[in-house]
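Below is one structure, written out as structure tokens, with a few remarks after it.
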Amino acid sequence: MRKHYSFITLLIITLWVSGCAIAEIQPDSSSAKPANKPQRLEWFQDQALGMFIHWSVDSQLGSVISHSMVGASDKYLRRFVNELPQTFHPTKFDPDEWARLAKLVGMKYVVFTTKHHSGFCMFDTKTTRFNIMNTPYGRDITRQIVQAFRRQGIHIGFYFSPDDFWILYKQGIDVSRARPEANPVNNQQLMQHNLAQLRELLNNYGPIDMIFLDGDFILGIADEIKQLCWKMQPNIVITRGEMWTQDQHLPGKPIPSPWETCMTIGSQWQYKPTNENYKSGTKLIEALIAAHAKGGNLLMNIGPDPYGRIPFEQERRLRELALWLFINDEAIYNIRPWHVTNEDNIWFTKAKDNNTVYAIVTGPALKLGQQKSFTLKSVRATDKTQIEVLGQSGRILEYRPKVNPKTTWKQDENGLHITAMRAQRIYNDCKWPNPIVLKITNAQRKK
Numbered sequence: 004m005r006k007h008y009s010f011i012t013l014l015i016i017t018l019w020v021s022g023c024a025i026a027e028i029q030p031d032s033s034s035a036k037p038a039n040k041p042q043r044l045e046w047f048q049d050q051a052l053g054m055f056i057h058w059s060v061d062s063q064l065g066s067v068i069s070h071s072m073v074g075a076s077d078k079y080l081r082r083f084v085n086e087l088p089q090t091f092h093p094t095k096f097d098p099d100e101w102a103r104l105a106k107l108v109g110m111k112y113v114v115f116t117t118k119h120h121s122g123f124c125m126f127d128t129k130t131t132r133f134n135i136m137n138t139p140y141g142r143d144i145t146r147q148i149v150q151a152f153r154r155q156g157i158h159i160g161f162y163f164s165p166d167d168f169w170i171l172y173k174q175g176i177d178v179s180r181a182r183p184e185a186n187p188v189n190n191q192q193l194m195q196h197n198l199a200q201l202r203e204l205l206n207n208y209g210p211i212d213m214i215f216l217d218g219d220f221i222l223g224i225a226d227e228i229k230q231l232c233w234k235m236q237p238n239i240v241i242t243r244g245e246m247w248t249q250d251q252h253l254p255g256k257p258i259p260s261p262w263e264t265c266m267t268i269g270s271q272w273q274y275k276p277t278n279e280n281y282k283s284g285t286k287l288i289e290a291l292i293a294a295h296a297k298g299g300n301l302l303m304n305i306g307p308d309p310y311g312r313i314p315f316e317q318e319r320r321l322r323e324l325a326l327w328l329f330i331n332d333e334a335i336y337n338i339r340p341w342h343v344t345n346e347d348n349i350w351f352t353k354a355k356d357n358n359t360v361y362a363i364v365t366g367p368a369l370k371l372g373q374q375k376s377f378t379l380k381s382v383r384a385t386d387k388t389q390i391e392v393l394g395q396s397g398r399i400l401e402y403r404p405k406v407n408p409k410t411t412w413k414q415d416e417n418g419l420h421i422t423a424m425r426a427q428r429i430y431n432d433c434k435w436p437n438p439i440v441l442k443i444t445n446a447q448r449k450k
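Each position in the sequence shown, counted from 1, maps to that position plus 3 in this note's numbering.
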């Protein structure tokens, strides 16, 4: 996957980085074409955290999803297209189990790979036999995921690639990206194939909240494809192809519009059975924090194995994230950036509808029962301010009744001085490597 921007988004980012006034940039009001609705973009920003699912027929091999077809021999391509579907049979697939885990973690939306670049469709389609219905499994996986996640109240998003290596293979064209024939604008058979598939996806599965169009085109996705999406479902939010998106990285500064970064738990999007390096739970939590301090969403990826199970290494990291969000969710949801993103290892978010600021302390872990002092330069307390550590009462430290763990603070001309204690035991050994959050009510910007 690669990052893509609309022309307007590129222009905004370019002028913003160069110091030009963003307020002077206005969309062309004479255009009657549909677009992402402003209220839906506001809604999207509030969703905060999503589950990305990369899963396709080549998960059986544990290879990079789809891209192994580029530059492959005729024999490899023939076996990929004709043999892999014959052995794809995820007998342990339980979408309700996936959805329950996503709900526990706090994920508000899911984005599922209905079709990746290979062209293999994980949905029931009349456009090609290269799809899930022509495997031993023989059931519509996309429909099952949509139904299961809806049962948990999780919003539905589709990943769809306008690149289609199956079409190129059938046309006798070398499988590739970043060449004219791979772009639907220059390949009418490919364009009609994509439009037909999108009509199926947007007709047959009810309201779809967002769509991730992962095409390898200059300045984003072919306009005809985007316009079809908005025409069929006016409330759909197009993410990749219409807003700033990035793989595995965060922007250096906040972006003045909703954006999204997608990140793997390991090093690969699809299932990688060996030679994998997993990020720590702490690193994933810190990525979530930094994304929201900069005003973006985090789309965290899982890569199910060919049986349909979430690999245990990925599940365990998701449960670590679930525990952190169970304690600190209000610092992540329905928030906006503070006027500074961070002061060294302390990151900030602000409640969307009031003057509560959250100071999220990353870096060296705080020891249970030990006081720690912080001075914040960008936040000013008022006479109505209250400060607490999220998740704990501030009244009790287990087994030490004489210790008062209440958070204290003082405001002076040098900053807001806070002394806090981690007083909630999370693990048996009393160690907890992940950030604490200071909730500061009725806060003001430091003048």
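Note that the Cβ used here is the ideal one computed from N, Cα and C, for glycine as well.
A quick note: this is a predicted structure, and the numbers were derived from the prediction, not measured.
- With a cut-off of 8 Å on Cβ pairs, the region 117-133 is in contact with the region 166-181, counting three or more such pairs.
- Taking 8 Å as the cut-off, the Cβ atoms of Val-113 and Ile-159 count as close.
- In the DSSP assignment, Ala-75 falls outside any alpha helix (DSSP H) and carries neither an H nor an E.
- According to DSSP, residue pairing for Tyr-361 in a beta bridge involves Thr-352, Lys-442.
- Counting only residues of its own chain and dropping the five nearest sequence neighbours on each side, Thr-410 has a CB closer than 8 Å to the CB of Ile-390, Glu-391, Val-392, Gly-397, Ile-421, Thr-422, Ala-423, Met-424, Leu-441.
- In the three-state reduction of the DSSP assignment, Lys-405 falls in the coil class.
- At a Cβ-Cβ threshold of 8 Å, Leu-291 and Leu-52 count as neighbours.
- The DSSP-derived three-state label of Asn-238 is coil.
- Taking 8 Å as the cut-off, the Cβ atoms of Thr-388 and Ile-443 count as close.
- Within the region 37-123, the complete alpha helix (DSSP H) runs of at least 4 residues fall at 41-50, 77-85, 87-90, 98-108.
- Nearest Cα to Arg-43 within the set Pro-139, Ile-214, Asn-189, Asp-386: Ile-214.
- Within its own chain, the residues whose Cβ lies closer than 6 Å to the Cβ of Gly-418, once the five positions on either side in sequence are excluded, are Thr-378, Leu-379, Lys-380, listed in chain order.
- In this structure Ile-56 is in contact with Pro-307, their Cβ atoms being roughly 7 Å apart against a cut-off of 8 Å.
- Only residues of its own chain outside the window of five on either side were considered, and among them Ala-151, Phe-152, Arg-154, Gln-155, Ile-157 have a CB closer than 7 Å to the CB of Ala-102, listed in chain order.
- Taken in chain order, the whole beta strand (DSSP E) runs of length 3 or more contained in the region 141-222 are 158-163, 213-216.
- Using a Cβ distance threshold of 8 Å, Gln-427 and Gln-395 count as a contacting pair.
- For Trp-412, the enclosing beta strand (DSSP E) begins and ends at 411-415.
- For the options Val-343, Asn-431, Ile-68, Pro-367, the alpha carbon positioned closest to that of Tyr-274 is the one of Ile-68.
- Secondary structure note for Lys-286: its alpha helix (DSSP H) is the uninterrupted segment 284-296.
- Closest in C-alpha terms to Thr-385, from the list Thr-248, Asn-358, Ala-75, Ile-305, comes Asn-358.
- When the five nearest sequence neighbours on each side are left out, the beta carbons in the same chain lying within less than 7 Å of the beta carbon of Pro-261 are those of Leu-44, Phe-47, Gln-48, Met-246, in order along the chain.
- Counting the other Cβ atoms within 10 Å of the Cβ of Arg-320 gives 16 or more, which makes it buried.
- Scanning Gly-311, Pro-408, Ala-446, Glu-263 for the CA closest to the CA of Asp-61 turns up Gly-311.
- Closest in C-alpha terms to Leu-253, from the list Trp-327, Lys-78, Glu-289, comes Glu-289.
- The residue from Gln-89, Gln-251, Glu-416 with its alpha-carbon nearest to that of Lys-449 is Glu-416.
- Of the candidates Met-72, Asn-85, Thr-116, Thr-116 places its Cα closest to the Cα of Leu-302.
- Straight-line spacing of the CA atoms in Arg-132 and Asn-331 works out to 47 Å.
- Looking at the DSSP output, Ser-376 shares a beta bridge with Thr-422.
- Bridge partners of Asp-250 according to DSSP: Cys-265.
- Cβ atoms of Tyr-140 and Leu-80 stay farther apart than 8 Å, at about 23 Å.
- Contact between Ala-368 and Trp-272 is ruled out by a C-beta separation of about 30 Å, above the 8 Å threshold.
- The alpha-carbon separation between Gln-317 and Leu-287 amounts to approximately 11 Å.
- Under the DSSP assignment, Glu-318 falls in the alpha helix (DSSP H) whose first and last residues are 315-331.
- The criterion of a C-beta distance shorter than 8 Å is satisfied by Pro-340 and Pro-257.
- For Phe-315, the number of other beta carbons within 10 angstroms of its own is below 16, and it is reported as exposed.
- Each of Glu-323, Thr-128, Gly-298, Ala-294 was checked against the Cα of Gly-284, and the nearest Cα belongs to Glu-323.
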